[in-house]
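Take a look at the structure set out below.
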Amino acid sequence: MTRRAASGQQATLPAPTVADLLRGQGFTVQAEGEWGLSLAFEGEQYFLLPQAGDEVFYHLLRPGLWPLTTDEDHGAALYACDEVNRTAKLVKLHTADSEVWASVEGLYDTPAAFCAALPRWLAALQEGARAFSATMQGLSSLQAEP
């Protein structure tokens with residue numbers, strides 16, 4: 002986008018940032034230091050992690066998907082993560098410390114292209130969370146049977 006400067010020359014306006022575009026889509030976006038940008042969607046907090054030196058790589062993270070309090074929880078979570086990673090589109094689940102986290106990664110030439118794909122990313126993360134929860138609950142009911 003350009004505009005005519007007072008001298009008659011064309012002045013180039015800066016390209017909108019991802020944060021600008023997300024705000025334009027109605028998201029509340031906050032800078033979170035090493036966590037990049039945070040945004041809320043349907044009651045959950047997501048982080049768009051910074052990728053120094055790789056302007057076309059985007060990584061959206063949803064931490065705290067499921068707490069892991071026992072060794073049994075951790076083992077079941079590894080199984081459930083593997084199941085979801087094998088069957089779900091886009092989303093990857095993994096354990097981090099004492100929680101399960103979900104993420105989506107992709108390459109987009111422009112911030113606008115990424116923002117256009119964001120609704121599908123968020124839907125994939127929500128579906129991955131539902132599938133993980135269902136798998137964990139299924140494992141829990143199997144363990145409860147005599």
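Under my numbering, the first residue of the sequence shown carries the number 2, and numbering increases by one thereafter. All residues carry an ideal CB built from backbone N, CA and C; glycine is no exception.
Item	Value
First through last residue of the alpha helix (DSSP H) which encompasses V85	72–88
Span of the alpha helix (DSSP H) around V19	19–25
Proximity of F58 and G129 at Cβ, strictly below 9 Å	no
Q46 (DSSP reduced to helix, strand or coil)	strand
Per-residue DSSP class, three states only, for G37	coil
Beta-carbon proximity of W122 to V101, cut-off 9 Å	no
beta-carbon A113 near the ligand NAD non-hydrogen atom, thresh 8 Å	Within the structure as shown, the ligand NAD is missing, as the structure has no ligands at all.
Endpoints, the beta strand (DSSP E) within which V30 is located	30–32
For A97, three-class secondary structure by DSSP	strand
For F115 and T96, the rounded distance between their alpha carbons	26 Å
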